[in-house]
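Asker: Right, I'll just put the structure down here and ask away after.
There are 2 protein chains.
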Amino acid sequence: MLPNEYSHTEQNYIKAIYHLSRNEDGTAYTQQLASALSTTPASASDMVKKLSEKGLVSHIPYRGAKLNKRGEKTALYIIRRHRLWELFLTEVLKFRWDEVHPMAEELEHVSSDLLLDRIDKYLNYPRFDPHGDPIPDAQGKITETNFTRLGTLDKNQSGTISGVEEHSAEFLQYLQEAGMVLGCQIKIVNRYDFDKSFDVLINGKKSLHISSQVAMNILIKK
Amino acid sequence: MLPNEYSHTEQNYIKAIYHLSRNEDGTAYTQQLASALSTTPASASDMVKKLSEKGLVSHIPYRGAKLNKRGEKTALYIIRRHRLWELFLTEVLKFRWDEVHPMAEELEHVSSDLLLDRIDKYLNYPRFDPHGDPIPDAQGKITETNFTRLGTLDKNQSGTISGVEEHSAEFLQYLQEAGMVLGCQIKIVNRYDFDKSFDVLINGKKSLHISSQVAMNILIKK
DNA sequence: ATTGTTTTTTAGACAAGCCTAAACTTTATT
DNA sequence: AATAAAGTTTAGGCTTGTCTAAAAAACAAT
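In the order they appear, the protein sequences are chains A and B.
With the numbering used here, the residue at position 153 of the first sequence is 153, and numbering never jumps.
With the numbering used here, the residue at position 219 of the second sequence is 441, and numbering never jumps.
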């Protein structure tokens, strides 16, 4: 219901600022932005300036960029498209969760609201994408969750795999092959202090040793 | 399998040249092209020159443009995408045949072959789109048909509605409401010489009077 | 506090795609 | 055949988004 007033490029910047600024100080820096969009700091700085002039971004020179209300609403709308397409691709066309991101990057720019709404309806107004990320509704509202990183659990605690922090195809494929997919029950059997690695039990059956890095990128609902 | 080496704009021109040059002399003229793409003759002339320099179009100044072999292959690949998406939208998301064109105009530019092939497979390698137009296969080959315009049939002849010449939403909606959709049996009950209009019988049940213009835009398989 | 390093911004240039205005060809008319 | 009309191309300019190089600001370190 919002932005076909912004070019693909502008939309990509808005999305990148949204994702990057989800850190401690809520700010996206020029270099990060350039790196995320595979361009130069000069170009990123330029675009931040333009988006700031268009009233989507608040930007203090040399101090990074944040989205304002309008920018955030726009970002959420783009993310809604991306995540609905991702879910559609897995649910209908049976793609794996590690395959869908690049296609959704293109499909998110298809502007027809008629189409997007039909997909939303077809999927029965879903609230999470194949990676457990929330899908903003048509008003830009997202379902709040309080997932815990698996890596912070103690021995004998357990929960359901509900999302991932890291979205690379490699990591997702690793999880897939290890049988750690969304909805699995997972229990901490042992926790090794010296390297923060874990022995876990998946669905009460398969036991597995996972590194701290893997554990910190798996989100659990207790 | 071919062209993500061409911009959206270039692809739109290639497609337009393909469609426009399906006439007597097999040529697309600057003005037609400009009109088809809602731009000026100057811009169209420019682009024709560029496409000619890139080796897709043969262009004799002041004499119009045609696609060469390479251009035609490219056009067929773009049309394949367009028509597969159109069929997908009607078959899966239950859009009407008069709704799908604008969405497919956007979706045809999504470049993933992985996605296109999956859709092709999902639809079981279809050979016709919702309007009866042939879908080129992955090699660019199209199923040849010899449909007849309803408007050229004589009294008591009959056949199956298999396509349309005119693709406007208005015309398609008219056909829909009149019950003249793809696959219908249609029989000429009467033919009026003075205005070339017809009385027809649809599926042996509903009789209807249609104008010459309507009749000439309906394609029949005898 | 001054110096050196890192990061960000500005300046100037370029390609794509579009426009308007002007020039040029072809076609139609007398 | 000469001229008018229609259609096409070229010229020059604008915007978007990109780049490299240079300037400016911020941060780090002695």
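Here a beta-carbon is modelled for each residue, glycine too, at the ideal position from N, C-alpha and C.
Quick check: the Cα distance between S419/B and F369/B, rounded to an integer number of angstroms?
Answerer: Rounded to whole angstroms, S419/B to F369/B spans 20 Å at the Cα level.
Asker: How close, in whole Å, do the beta carbons of L84/A and L123/A come, if the pair is a contact with beta carbons under 8 Å?
Answerer: Yes, they are in contact, since the Cβ atoms of L84/A and L123/A sit about 7 Å apart, within 8 Å.
Asker: Using only the alpha-carbon positions, how far apart do H323/B and E308/B sit?
Answerer: For H323/B and E308/B, the distance between alpha carbons rounds to 7 Å.
Asker: State yes or no: is the C-beta of H209/A within less than 8 Å of the C-beta of V164/A?
Answerer: Not a contact, by the Cβ cut-off of 8 Å.
Asker: Is any beta-carbon of chain A found at less than 8 Å from that of V314/B?
Answerer: True, the Cβ-Cβ gap to chain A drops below 8 Å.
Asker: Interface residues of chain A around P324/B at Cβ under 8 Å?
Answerer: Neighbours of P324/B on chain A, chain order: S112.
Asker: Going by Cα to Cα distance, which pick from L150/A, L153/A, D98/A, Q11/A is closest to E177/A?
Answerer: Looking at the Cα atoms, D98/A is the closest of the given residues.
Asker: Starting from the N-terminal side, write out each stretch of the alpha helix (DSSP H) that is 4 residues or longer and does not extend beyond the segment 239-306 of chain B.
Answerer: Segments of the alpha helix (DSSP H) lying fully in the segment 239-306 of chain B: 252-258, 263-275.
Asker: Can you find a heavy atom of the ligand MN that lies under 7 Å from the Cβ of Y122/A?
Answerer: This structure does not include the ligand MN; it has no bound ligands of any sort.
Asker: Quick check: the Cα distance between A215/A and D195/A, rounded to an integer number of angstroms?
Answerer: If you take the alpha carbons of A215/A and D195/A, they lie about 12 Å apart.
Asker: For the segment 137-144 of chain A and the segment 63-79 of chain A, state whether three or more C-beta atom pairs, one from each stretch, are separated by less than 8 Å.
Answerer: The segment 137-144 of chain A, when compared against the segment 63-79 of chain A, does touch it at the 8 Å Cβ threshold.
Asker: Consult DSSP for I364/B and reduce its assignment to one of helix, strand or coil.
Answerer: If DSSP states are grouped into helix, strand and coil, I364/B belongs with coil.
Asker: Just grab the DSSP bridge partners of T160/A for me.
Answerer: Q185/A, K221/A.
Asker: Quick check on this structure: which residue in L278/B, Y251/B, K276/B has the alpha carbon closest to the alpha carbon of S267/B?
Answerer: Residue Y251/B is the option with its Cα nearest to S267/B.
Asker: Let me know the secondary structure DSSP gives S197/A once reduced to three states.
Answerer: The answer is strand: DSSP assigns S197/A an E or B state.
Asker: Check whether the Cβ atoms of I440/B and I383/B lie closer than 8 Å to each other.
Answerer: Contact flag set, yes.
Asker: One question on the structure: do I410/B and S434/B come within less than 8 Å of each other, judged by their Cβ atoms?
Answerer: For I410/B and S434/B, no; Cβs fall outside 8 Å.
Asker: Helix, strand or coil, according to DSSP, for K237/B in the structure here?
Answerer: Correct three-state label for K237/B: helix.
Asker: For R96/A, collect the residues of the same chain with a Cβ closer than 7 Å to its Cβ; drop the 5 residues on either side in sequence, then sort them by chain order.
Answerer: Cβ neighbours of R96/A beyond the five flanking positions: Q176.
Asker: Residues of chain B with a CB under 9 Å from the CB of L115/A: which are they?
Answerer: Ordered by position in chain B, the residues that pass the 9 Å Cβ test against L115/A are L311, L315, F317, M325, E328, L329.
Asker: Return the chain-ordered list of same chain residues with a C-beta closer than 7 Å to the C-beta of P41/A, the five sequence neighbours on each side being excluded.
Answerer: Taken in chain order, the residues that qualify are T30, Q31, A34.
Asker: Could one say the Cβ of R118/A lies closer than 8 Å to chain B's Cβ atoms, at least one of them?
Answerer: It does; some Cβ of chain B falls within 8 Å.
Asker: State yes or no: is the beta carbon of Y122/A nearer than 8 Å to at least one beta carbon in chain B?
Answerer: Yes, because at least one Cβ of chain B sits closer than 8 Å to the Cβ of Y122/A.
Asker: Output needed for K428/B: all residues of its chain with C-beta closer than 7 Å, excluding positions within five of it in sequence on either side, in chain order.
Answerer: Same-chain partners within the cutoff: G401.
Asker: Per DSSP, P134/A is paired with what?
Answerer: Looking at the DSSP assignment, P134/A forms a beta bridge with F128/A.
Asker: Give me the Cα-Cα distance between S112/A and M325/B, rounded to the nearest whole angstrom.
Answerer: So the alpha carbons of these two residues sit roughly 7 Å apart.
Asker: Just to confirm the assignment, what range does the alpha helix (DSSP H) spanning S212/A have?
Answerer: Segment 212-216, the alpha helix (DSSP H) holding S212/A.
Asker: In three-state terms, what does DSSP make of I343/B?
Answerer: Per the sequence shown, the amino acid found at residue 343/B is Lys instead of Ile. It is helical.
Asker: Buried or exposed for D133/A, going by 16 or more other Cβ atoms inside 10 Å?
Answerer: It is buried - the Cβ of D133/A has at least 16 other Cβ atoms within 10 Å.
Asker: Does Y6/A come out as helix, strand or coil in the three-state DSSP assignment?
Answerer: DSSP places Y6/A in coil when its eight states are reduced to three.
Asker: Spell out the partners DSSP gives N412/B in its beta bridges.
Answerer: In the DSSP output, where bridge partners are listed per residue, N412/B has D421/B.
Asker: Consult DSSP for H109/A and reduce its assignment to one of helix, strand or coil.
Answerer: In the structure shown, H109/A sits in coil (DSSP, three-state: anything other than H, G, I, E or B).
Asker: Rounded to the nearest angstrom, what separates K54/A and G71/A at their Cα positions?
Answerer: If you take the alpha carbons of K54/A and G71/A, they lie about 10 Å apart.
Asker: So for L430/B, helix, strand or coil by DSSP?
Answerer: Looking at L430/B - three-state DSSP - the assignment turns out to be strand.
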